[in-house]
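What follows is a single structure, written as structure tokens, with notes after it.
Numbering (our numbering), first residue to last: 99 to 937.
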């Protein structure tokens, strides 16, 4: 990351092209976001973590070598020898070799079950190890190290379905960032998530466990026994060392450069090493003897060296070691002198074990200046407090961290900060820089990020950008389109509160013009969400997009696909035979979808009603594959068939799908039910995911696939059937009522003030007092549901729309043709319109 930042900084300032850059990268992947490494376990897509511009495409002055390490530096000849033997000359050499994962010399540390947590390749190896462990007699993972990386690793193992243990030598977790009280609260909260935490213990050895008779013939027993210095042992299928990092200074040592006492390449404040032609940046640089292990100071060193190479006099100004992150769903933040090392400092602490929050401010001896602080459980004040470090407080320090009661405004906002306050520590962006950008025309968060780079690294300052825009009087438009000044949520409230049931009536009273392809389908969706009227009734038919207009998905060749519902993936032999017969009779291509349904492709518009009639007569109904509505509820076989199943996932999936079928929403909704933690139904990638436990069900929400995959978040655990359904009712209605047009649940949650905590308060604690209203709305939907295909078949007026040509209803479209390709029916060409020039 830091090496990439250096190249970007140098190339952006070197307008004359005086420097040509050659990059040797030992990893096969171009620069990626190592800070977001744990996010890789949610989507397993390396491209998602790639840093923008990491291939330097079109820049002839940058040459990138991937998978090629540097082997030797010859300072006298000013050359670098690469691992493949080639020799490269240099005028200036920049060492950005970073760190490696430290593995203590514990007996057994080199066993194949033992891993480190540092690179993408490491995580791939951990995933494979976790699969083996999960399928063995010992589905247990052990993480050695309770710091930042250790807890991220524990979260990954938990996501893999392993029983997870965290071992930490210090008396509490995250000893470098938290004090004893904050660490103790963090331990309690993590234990509450089902992770075992062992503090004040050391690992003495790792050895192959004593083999015991497998539970089943195919089980693998490659477990190891982790022995601790308190005499206890843990048998595990996987062990991860996350015991810290060490600077990769071996190249510098071999070249005779001066090394700091505790490792790292010794530099001065200009990041120059003991050789004036060699610089060191990032985690390998020991600036005046100290290595900094965070990305923000690393970026600063990159900027310093870029400036120096172009004749500047920049020096390292010091580092902001503040951190804010969410560990296993728990907010944690630490900033400034969090441990209170300043002589005669004062501490103001609010510790609420009931709400599970801990907040501490470290103040100067006169209680006027903020020196640092710690936040656990609720880090919402971090964005404002961190920039105030070393500044005089604007008021009572206790008021800054005291819990906000209902109706009270927060004690402090971004408007109270001075212009010199650093809003984005990763990219050294001050409030003054942001105000200047706003004056220059930046009128939303996206343009501020692009102009100043604030919020483009860790992202913790993004909420402050929105607050600053509001504080500077920049109004953020929420208008749906040019015809409606209201947002989708506001239009939903208007339609719900009035008796308006037509688009024309709504636009006449609350909008302007005739509407467009943005507002028409949006209003159609709201009308469908607030009543059980058929989507093709009256004026509504003209509002629908092409798929909803024909209740089928239009394909690239102009034909349509038909997807009947099969709740929970369950289907009878008779229904299978029926689908096969229909596909044969109409010459359709069939495919089993990713959502456990059967799709039939290649139907003409005029064939749709007859296909639907045969399906409806056979007891099947529309699967709503065409609508912005509930698509599928995927399931494993659960306790009905599987020996690992803890609950009846099939029956739950069937009941859930029947309850929410036909529910119209701002975007499509996908669900899944897994019968145990092995997660065969992939519930944690769905908008609503349900995973069985021994006590009931865990409910996950707001996971999405697609272009920007998101892992679902745990909303509530160990729920009984009734509570589970009640929470899903509330969640879905809250989403339908408040989300923007075409906004899936994941970005909806990300944009929500208060995030998951607020959503949990609304759904589980009824903080808005709307739970009864949400549940009643869902009951109305359930009671009013009717199959949309059957609604067309029973209505001659609707049925008359399903012809290939309105003025020739008995003529089928002859331009759709099919050919055989590898045994499959494949459409050729598109429906064409020939225009002949008139003589």
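Quick reminder that beta carbons are idealized off the backbone N, C-alpha and C, glycines included.
Check	Outcome
Going by DSSP in three states, residue 911 sits in which element: helix, strand or coil?	Model confidence at residue 911 stands at a pLDDT of 49, short of 50, so the residue's coordinates are unreliable; what they give is reported in the following sentence. In the structure shown, residue 911 sits in coil (DSSP, three-state: anything other than H, G, I, E or B).
Could you name the residues of the same chain whose beta carbon sits closer than 6 Å to that of residue 886, not counting the 5 residues immediately before and after it, in chain order?	649 and 720
Give the DSSP-derived three-state secondary structure of residue 209 in the structure shown.	coil
In the DSSP output, what is residue 470 paired with across the bridge?	434 and 460
So, at 7 Å on beta carbons, what are the nonlocal neighbours of residue 504 in its own chain, with the 5 sequence-adjacent residues on each side left out?	Bear in mind that a pLDDT of 41 at residue 504, under 50, signals an unreliable position, so the number given afterwards is only what the model happens to contain. Result list for residue 504: empty, nothing under 7 Å.
Quick check: the Cα distance between residue 506 and residue 477, rounded to an integer number of angstroms?	Confidence at residue 506 is low in this model, with a pLDDT of 44, below 50, so its placement is unreliable and no value can be given for it.
Can you list, in chain order, the stretches of the beta strand (DSSP E) that have 3 or more residues and sit fully within the segment 712-758?	728-733
How big is the Cα-Cα spacing for residue 524 and residue 740?	49 Å
If residue 714 sits next to residue 891, beta carbons under 8 Å apart, how far is it from one beta carbon to the other, in whole angstroms?	7 Å
Rounded to the nearest angstrom, what separates residue 436 and residue 251 at their Cα positions?	24 Å
Taking the beta strand (DSSP E) that residue 690 belongs to, which residues open and close that run?	687-690
Report the CB separation of residue 212 from residue 399 in whole angstroms; it is logged as a contact under 8 Å.	That pair is no contact at about 33 Å.
Quick one: is residue 818 buried, meaning 16 or more other Cβ sit within 10 Å of its Cβ, or exposed?	exposed
What residue range is occupied by the uninterrupted beta strand (DSSP E) comprising residue 262?	261-266
Return the chain-ordered list of same chain residues with a C-beta closer than 8 Å to the C-beta of residue 182, the five sequence neighbours on each side being excluded.	166
If the criterion is Cβ atoms closer than 7 Å, does the pair residue 812 and residue 798 meet it?	yes
Can you tell me whether DSSP reads residue 200 as helix, strand or coil?	coil
DSSP puts residue 377 in a beta bridge; with which residues?	192 and 370
Please go through the same chain and pick out, in chain order, the residues whose beta-carbon is closer than 6 Å to the beta-carbon of residue 298, but skip the five residues on each side of it.	269
Would you kindly report the start and end of the unbroken alpha helix (DSSP H) that includes residue 415?	Per DSSP, residue 415 belongs to no alpha helix (DSSP H) and is neither H nor E.
Check whether the Cβ of residue 117 sits closer than 6 Å to any heavy atom of the ligand ADP, and report yes or no.	By its list of ligands, the structure shown contains no ligand whatsoever, and the ligand ADP lies outside what it can speak to.
In three-state DSSP terms, what is residue 333?	strand
DSSP puts residue 765 in a beta bridge; with which residues?	According to DSSP, residue 765 bridges with nothing at all.
By Cβ distance below 8 Å, which residues in the same chain neighbour residue 614 in space, the five residues on each side in sequence not counted?	579, 580 and 581
Got a sec? Which residues, its chain only, sit under 6 Å from residue 417 by beta carbon, not counting five neighbours each side?	390 and 395
Mapping DSSP to helix, strand and coil, what is residue 503?	Residue placement at residue 503 is poorly supported in this model, since its pLDDT is 46, which falls under 50; the coordinates still yield a value, given next. In the structure shown, residue 503 sits in coil (DSSP, three-state: anything other than H, G, I, E or B).
Just reading off the beta strand (DSSP E) that residue 325 is part of, what are its end residues?	322-326
Identify the residues that DSSP records as bridge partners of residue 239: which are they?	262 and 336
DSSP on residue 101, reduced to helix/strand/coil?	helix
Within 10 Å of its beta-carbon, does residue 115 have 16 or more other beta-carbons around it, so buried, or fewer, so exposed?	exposed
Sorted by chain position, which residues of the same chain lie with C-beta nearer than 6 Å to residue 468's C-beta, five sequence neighbours on each side aside?	486, 487 and 491
To which residues of the same chain is residue 169 closer than 7 Å at the C-beta, ignoring the five residues directly before and after it?	179, 180 and 181
If you compare alpha carbons, which of 868, 827, 894 and 518 is closest to residue 635?	894
Just tell me which of 158, 532, 204 and 185 has its CA closest to the CA of residue 572.	532
Return the first residue and the last residue of the alpha helix (DSSP H) that residue 638 is part of.	No alpha helix (DSSP H) holds residue 638; DSSP gives it neither H nor E.
How far does the beta strand (DSSP E) with residue 522 in it extend, from its first residue to its last?	520-522
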